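What follows is a single structure, written as structure tokens, with notes after it.
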Amino acid sequence: MPTETSRTTVSMEEIVALCKRRGFIFPASELYGGINGFWDYGPLGTELKNNLRDAWWNDMVRCPPAGPDGNALSIVGVDSSIVQNPRVWEASGHVGGFNDPMVDDRETKARYRADQLTVFTIERLDTGAHVGGYFAAEGADDAQLIATHKKSIASLIRKFDLETCGYRLVPVPGALDDSTIRGATLAPGAKERGTLTEPRQFNLMFKTYVGAVQDEDSVAYLRPETAQGIFLNFKNVLDTMRVRIPFGIAQIGKAFRNEVTPRNFIFRSREFEQMEMEWFCHPDEAPQWYEFWCDRRRTWWQSLGLSDENLCMRSHDDDERAHYAKTGCGTFDVEYRFPFTAPGFGELEGVAHRTDFDLKQHQQHAGVKLEYFDQERNERYMPHVIEPAAGLSRGVLALICEAYTPDPDRPSKVYMKFNPRLAPIKAAIFPLVNKDGMPEVAARLHDELRANHPVQLDVKQNIGKRYARMDEVGTPYCFTIDADTLTDQTVTVRHRDSLQQERIGLDHVAAFLDERISG
Ligand code: GAP
Numbered sequence: 009m010p011t012e013t014s015r016t017t018v019s020m021e022e023i024v025a026l027c028k029r030r031g032f033i034f035p036a037s038e039l040y041g042g043i044n045g046f047w048d049y050g051p052l053g054t055e056l057k058n059n060l061r062d063a064w065w066n067d068m069v070r071c072p073p074a075g076p077d078g079n080a081l082s083i084v085g086v087d088s089s090i091v092q093n094p095r096v097w098e099a100s101g102h103v104g105g106f107n108d109p110m111v112d113d114r115e116t117k118a119r120y121r122a123d124q125l126t127v128f129t130i131e132r133l134d135t136g137a138h139v140g141g142y143f144a145a146e147g148a149d150d151a152q153l154i155a156t157h158k159k160s161i162a163s164l165i166r167k168f169d170l171e172t173c174g175y176r177l178v179p180v181p182g183a184l185d186d187s188t189i190r191g192a193t194l195a196p197g198a199k200e201r202g203t204l205t206e207p208r209q210f211n212l213m214f215k216t217y218v219g220a221v222q223d224e225d226s227v228a229y230l231r232p233e234t235a236q237g238i239f240l241n242f243k244n245v246l247d248t249m250r251v252r253i254p255f256g257i258a259q260i261g262k263a264f265r266n267e268v269t270p271r272n273f274i275f276r277s278r279e280f281e282q283m284e285m286e287w288f289c290h291p292d293e294a295p296q297w298y299e300f301w302c303d304r305r306r307t308w309w310q311s312l313g314l315s316d317e318n319l320c321m322r323s324h325d326d327d328e329r330a331h332y333a334k335t336g337c338g339t340f341d342v343e344y345r346f347p348f349t350a351p352g353f354g355e356l357e358g359v360a361h362r363t364d365f366d367l368k369q370h371q372q373h374a375g376v377k378l379e380y381f382d383q384e385r386n387e388r389y390m391p392h393v394i395e396p397a398a399g400l401s402r403g404v405l406a407l408i409c410e411a412y413t414p415d416p417d418r419p420s421k422v423y424m425k426f427n428p429r430l431a432p433i434k435a436a437i438f439p440l441v442n443k444d445g446m447p448e449v450a451a452r453l454h455d456e457l458r459a460n461h462p463v464q465l466d467v468k469q470n471i472g473k474r475y476a477r478m479d480e481v482g483t484p485y486c487f488t489i490d491a492d493t494l495t496d497q498t499v500t501v502r503h504r505d506s507l508q509q510e511r512i513g514l515d516h517v518a519a520f521l522d523e524r525i526s527g
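Take 9 as the starting number for the sequence shown in my numbering and just add one per residue.
Below is the structure:
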């Protein structure tokens, strides 16, 4: 089947290979053949992820943006349990409604998310009439399709010149729910038609048991979102922190979803990290705050180096909205153009108006009053919630994709153009040769810098190879100690992106780095 071409310049295979080669991300349990949907972060991936996490926490909690009136917003943090009382997930709607429709292929034994497996048919451009009986799922084998279909359109499919022959492929909405269409559909990798099963609802929460006895009474769940831990602590925070509406509660942490089809590297995995903030406000002010957060979240990702052309905002259609956002002013996604979605975009963060859904549900299910008394308005009400919910793991992937810059003129052939604030290694220190007093000067500089920044001292191999290694892991600055350093106390600074070199005083290196990393 003809599928959308991926971003032409960079392939995911190259990116995944660099992540493995340079210690960013490894398949989990690799020694045992891996485990689908789980990933381990290596030394550099851990630094990168921590830097993104810290940037979010700093810009959201420690130093949040100014509100529309110019005053700094008030946002506090929590760190709640991954396992909560299972009644939490009944109240939140996850036990009943956090499902994905799943179909199995009886022939190939593959499993798909029904809403992600597009079925195509062919229609005539002039009349819009369907070519009888042609139904193929995205990724179905063209040769097989031709073998199982009438000869007249076989050559058209083979050459992908449908349009010049007056036909086009069109998706068939809801195809898998229709047993006749399902019976005629060729699935990816299948030889026979009609091998896909009817879609079944599948709950995405991981189940576990708490305590020694494993029965229905000891069932618990790994949290599928960090958000509920915030709602559970809304009253605790109100009672202890002297916060007043509007204010926010933020949390970063692991979430778990037993995804039907984990895919695209760390984009959709079964264990991942989220950075979520619930903004509690008066119901009348929710629409303005919703706009405010949509705008701020896009700008924030840009400030980290994601380019404008690779970012877009997309409003959810009514049928896509999560159960908690149904009656609100909606959900906007901040989307990024990943290589596997290009020329389209994939979700990076959702900004949802969750209304008072969650607080009301917990009030009702727990039987505890969660309303807020607003002294300024002299009014008691249930606050509405605007929720910017970002993926930390997905953010790491976006940063890696954006940074990956092929450059045939460099020995490394590729360099990672990370924003210095996020780069896993901020600077490298190289003695030009490993003798004549240079290693000692380099070691002293390394000691001075590492107090404040992750820096690396590298004394081995020729200087070109050392630069190449740093380019590939995205180190923005390299300081080289050479013979001149010993006489005039200056070092060479090499800038990763421009490849320009300049000399600065040895005693200015720390200030040089501080300025560029924090600025
Ligand atoms: N509390 C709302 C919530 O969880 P979501 O859109 O389901 O909303 C928020 O998730 C973000 O978490 C997404 O925008 C995405 O970045 C990330 N995310 C969700 N599922 C993921 C998965 N299976 N793997 C990696 N990241 C995921």
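Cβ atoms here follow ideal geometry from the backbone N, Cα and C, with glycine treated the same way.
Here the structure is a predicted model, which means the values were calculated and not measured.
Cα-Cα separation between residue i and residue j, rounded to whole angstroms
i      : j      : result
Glu279 : Phe264 : 5 Å
Asp515 : Leu521 : 11 Å
Asn79  : Pro72  : 10 Å
Tyr423 : Gln508 : 15 Å
Pro35  : Leu56  : 17 Å
Phe239 : Leu39  : 40 Å
Val84  : Asp382 : 19 Å
Phe340 : Glu299 : 10 Å
Lys473 : Phe273 : 29 Å
Phe288 : Gly31  : 40 Å
Thr11  : Leu125 : Because the pLDDT at Thr11 is just 36, under 50, the model does not fix this residue reliably, and the point stays unresolved.
Lys421 : Pro51  : 22 Å
Val501 : Tyr485 : 7 Å
Arg524 : Pro428 : 7 Å
His461 : Arg306 : 28 Å
His324 : Glu510 : 50 Å
Arg15  : Met390 : With a pLDDT of 46 at Arg15, under the threshold of 50, the predicted position of this residue should be treated as unreliable, though the coordinate-derived value follows. C-alpha separation (whole angstroms): 46 Å.
His138 : Ile189 : 13 Å
Asp81  : Val251 : In the sequence as presented, Asp is not what sits at residue 81; that position holds Leu. Going by the C-alpha atoms only, they are around 11 Å apart.
Arg362 : His392 : 7 Å
Asp303 : Arg132 : 43 Å
Ala459 : Ala519 : 13 Å
Beta-carbon proximity list for residue i, same chain, < 6 Å, skipping 5 on both sides
i      : result
Gly403 : Leu60
Gln464 : Ile433, Ala436
Arg121 : Asp108, Val268, Thr269
Tyr412 : Val18, Ile23
Cys320 : Glu343, Phe353
Phe143 : Val127, Thr129, Ile189, Ala192, Thr193
heavy atom of the ligand GDP below 7 Å from residue i C-beta
i      : result
Ala451 : You won't find the ligand GDP in this model; what it holds is the ligand GAP.
Three-state secondary structure assigned by DSSP to residue i
i      : result
Asn211 : strand
Lys262 : strand
Ala360 : strand
Asp522 : helix
Gly85  : strand
Ile90  : coil
Thr11  : At Thr11, the pLDDT of 36 sits below 50, so the modelled position is not reliable; the number obtained from the coordinates is stated separately. Coil at Thr11, not helix or strand.
Ile23  : helix
Ala228 : strand
Phe300 : helix
Val251 : coil
Leu194 : strand
Ala183 : helix
Own chain, CB closer than 7 Å to residue i, minus 5 neighbours either side, in chain order
i      : result
Gly141 : Ala192
Pro94  : Val227, Ala228, Tyr229
One or two residues paired with residue i in a DSSP bridge
i      : result
Arg388 : Phe381
Ala138 : Checking the sequence, you will find His at residue 138 rather than Ala. Glu131.
Asn107 : Asn211
Trp97  : Partner(s): none; Trp97 has no beta bridge.
Glu284 : Gln259, Ala397
Ser323 : Phe340
Phe346 : Note: Phe346 sits in no beta bridge, so no partner.
Glu279 : Phe264
Ala145 : Val127
Phe34  : Asp48
is_contact[residue i, chain C] using C-beta, thresh 8 Å
i      : result
Pro196 : Note that chain C does not occur in the displayed structure, where there is just one protein chain.
Expected contact under 8 Å - CB spacing of residue i and residue j to nearest Å
i      : j      : result
Ala235 : Glu286 : 6 Å
Phe275 : Leu453 : With 8 Å as the limit, Phe275 and Leu453 do not qualify as a contact, their Cβ atoms being about 39 Å apart.
Thr488 : Val499 : 6 Å
Glu281 : Ile260 : 7 Å
Gln371 : Arg231 : Their Cβ separation, rounded to whole angstroms, is 20 Å, which puts Gln371 and Arg231 out of contact at 8 Å.
Leu356 : Trp309 : 7 Å
Close-in-space but distant-in-sequence residues of the same chain around residue i (CB under 8 Å, 5 per side omitted)
i      : result
Val467 : Phe438, Pro439, Asn442, Pro447, Ala450
Glu98  : Gly104, His373
Asp316 : Gln310
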